[in-house]
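Student: Have a look at the structure that comes next, please.
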Amino acid sequence: MRAIVMTGVGGPEVLVVRDVPRPEPDAEELVIRTEAVPVLYPETALRSGAFPTPVAPPFVFGYQAVGTVVATGSRVDDALYGRRVGVAAGSGAYADYVAAPAASATPIPDGLDAATAAATLMSGSVALELLDAAALTGTETVLVEAAATGVGAALTQLAAGRGVRVLATAGEAAKAERARTLGAEHVFDHRDPHWVDRLRDELGPASVDVVFDSIGGESAAAMLEVLTPLTGRLLGYGFLSGAPASVTAADLIARGLTFVGCAGPHWLDQVAGRRADALELAAAGSLDCLVESVLPLEQAAEAHRLVEARTPLGKIILRPRTS
């Protein structure tokens with residue numbers, strides 16, 4: 001079968017097309033014939049060496065896929081055979097066939113196409129878990145950073161659907177318009193060094209109750225000045241700036257604020273439990289995780305270049321020849 005092998009740590013060029021053996025399931029695994037593979041922003045960080053990989057290269061790259069079950073292990077329910085599912089693999093998702101733990105399989109609702117399902121798996125489930133962690137009542141003002149794409153886009157839609165006031169940041173005009181379309185009342189350009197001042201001007205005497213922080217770094221500290229004293233919550237789930245939120249316990253205590261770290265294995269277990277909910281919302285038309293383009297599996301390196309450039313408004317999906 002055809003697969004994309006990460007040959008070493010580096011730029012997109014380390015993702016190389018190779019013929020590799022088709023995987024066989026272990027006792028608690030299943031194998032899918034792949035139909036769609038989402039290219040995830042964290043995967044670019046793994047490939048570049050910003051995060052450690054689970055095993056040393058070379059190995060078949062990729063961590064999520066959607067497809068049809070074509071084999072099951074001895075301890076896996078045979079009823080899964082022939083079902084369309086999304087899976088999370090430790091690696092090996094950029095391939096014609098993918099082996100993954102059966103426990104990670106999430107059925108795809110009828111009528112939901114593979115590309116849309118693949119785009120929804122991560123963004124939708126992370127957004128739902130973030131909203132739960134924020135404990136929204138429907139009366140808050142929230143700020144969603146990087147609100148036009150990925151998790152931010154899903155958060156904007158879902159938060160607006162819950163009746164809260166949504167403010168947002170985005171990095172360019174097209175993304176700002178996308179965020180407004182998704183439900184953001186005002187959008188600020190986070191590339192502008194004075195954007196927090198503009199946010200303060202817009203708020204007037206009001207404040208922000210919840211910040212969904214995907215940027216991290218120094219800008220997170222600036223958010224403390226606009227959060228509601230005593231009840232404000234800063235949820236850190238990403239660091240597009242290259243560093244986690246630069247806030248200290250002293251910063252929070254002085255204002256009575258709460259920082260919620262949304263990362264790590266326990267957090268990811270909670271996120272995994274929301275995949276089915278996210279797919280159901282997508283199937284019902286209540287969540288639009290936009291698909292920017294669908295590329296052949298062999299163009300994985302180009303897909304990574306596009307994602308790293310941060311220009312797409314939606315997900316880049318890889319499609320093997322087998323689909």
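The sequence shown: position 212 = 212 (full-length UniProt numbering), numbered continuously.
Note that beta-carbon positions come from the ideal geometry of N, C-alpha and C, so glycine has one too.
Would you call the stretch 303-321 and the stretch 284-294 in contact, with 3 or more CB pairs under 8 angstroms?
Tutor: Counting Cβ pairs under 8 angstroms, three or more are found: they touch.
Student: Could you please give me the residues that DSSP links to residue 94 through a beta bridge?
Tutor: Position 94 of the sequence shown, counted from the start, is the residue given in the question as residue 94. Looking at the DSSP assignment, residue 94 forms no beta bridge with any residue, so it has no partner.
Student: For residue 84, which residues of its own chain have a beta-carbon under 6 angstroms away from its beta-carbon, when the five flanking residues on both sides are left out?
Tutor: For the purposes of this step, residue 84 is taken as the residue at position 84 of the sequence shown. For residue 84, where only same-chain residues beyond five positions count, the Cβ hits under 6 angstroms are 68 and 108.
Student: Out of curiosity, what's the CA-to-CA distance linking residue 221 and residue 193?
Tutor: Here residue 221 refers to the residue found at position 221 when the sequence shown is read from its first residue. Here residue 193 refers to the residue found at position 193 when the sequence shown is read from its first residue. Distance between the alpha carbons of residue 221 and residue 193 is about 14 angstroms.
Student: Taking 7 angstroms as the limit between beta carbons, can you name the residues of its chain near residue 300, skipping five residues before and five after?
Tutor: To locate residue 300, count along the sequence shown from 1; it is residue 300. Same-chain partners within the cutoff: 4, 15, 94 and 318.
Student: Contact between the stretch 243-253 and the stretch 68-79 is defined here as three or more beta-carbon pairs at a separation below 8 angstroms; is this criterion met?
Tutor: No, they do not touch.
Student: Who are the near neighbours of residue 179 in its chain, counting only those whose CB is closer than 7 angstroms to its CB and skipping five residues on each side?
Tutor: As a working note, residue 179 is residue 179 in the sequence shown. Taken in chain order, the residues that qualify are 147, 148, 156, 168, 170 and 187.
Student: How is the beta strand (DSSP E) around residue 319 delimited, first residue to last?
Tutor: Locating residue 319 in the sequence shown gives position 319, where the first residue counts as 1. Where residue 319 is concerned, the enclosing beta strand (DSSP E) stretches over 315-319.
Student: Decide if the stretch 221-238 is in contact with the stretch 246-259; the criterion is three or more beta carbon pairs, one per stretch, under 8 angstroms apart.
Tutor: Yes, they touch.
Student: Pull up the distance between the alpha-carbon of residue 236 and that of residue 105, whole angstroms please.
Tutor: Residue 236 sits at position 236 when you count from the first residue of the sequence shown. Residue 105 sits at position 105 when you count from the first residue of the sequence shown. Roughly 27 angstroms separates the two Cα atoms.
Student: When DSSP builds the beta bridges, which residues end up paired with residue 64?
Tutor: As a working note, residue 64 is residue 64 in the sequence shown. The partner list for residue 64 (beta bridge, DSSP) reads 88.
Student: If the criterion is Cβ atoms closer than 9 angstroms, does the pair residue 59 and residue 43 meet it?
Tutor: The residue given as residue 59 occupies position 59 in the sequence shown. The residue given as residue 43 occupies position 43 in the sequence shown. Not closer than 9 angstroms, so no.
Student: Would the beta-carbon of residue 324 fall within 9 angstroms of that of residue 89?
Tutor: What is shown of the chain runs 1 to 323, which leaves residue 324 out entirely.
Student: Just verifying my parser: in three-state terms, what is the DSSP assignment at residue 2?
Tutor: Position 2 of the sequence shown holds residue 2. Of the three classes helix, strand and coil, the one that applies to residue 2 here is strand, per DSSP.
Student: By alpha-carbon positions, which one of 87, 70 and 165 ends up nearest to residue 79?
Tutor: Translated into the one-based positions of the sequence shown, residue 79 becomes position 79. Among 87, 70 and 165, the Cα nearest to that of residue 79 belongs to 70.
Student: Indicate the three-state DSSP secondary structure (helix, strand or coil) for residue 366 in the structure shown.
Tutor: For residue 366 there is no data in the structure shown, the boundaries of the chain being 1 and 323.
Student: Is the beta carbon of residue 127 sitting closer than 9 angstroms to the one on residue 154?
Tutor: The residue labelled residue 127 in the question sits at position 127 within the sequence shown. The residue labelled residue 154 in the question sits at position 154 within the sequence shown. Yes, the pair counts as a contact, with Cβ atoms nearer than the cut-off.
Student: With distances taken from CA atoms, which of 92, 166 and 202 is nearest residue 37?
Tutor: Sequence index remark: in the sequence shown, residue 37 carries index 37 (1-based). Nearest of 92, 166 and 202 to residue 37, Cα basis: 92.
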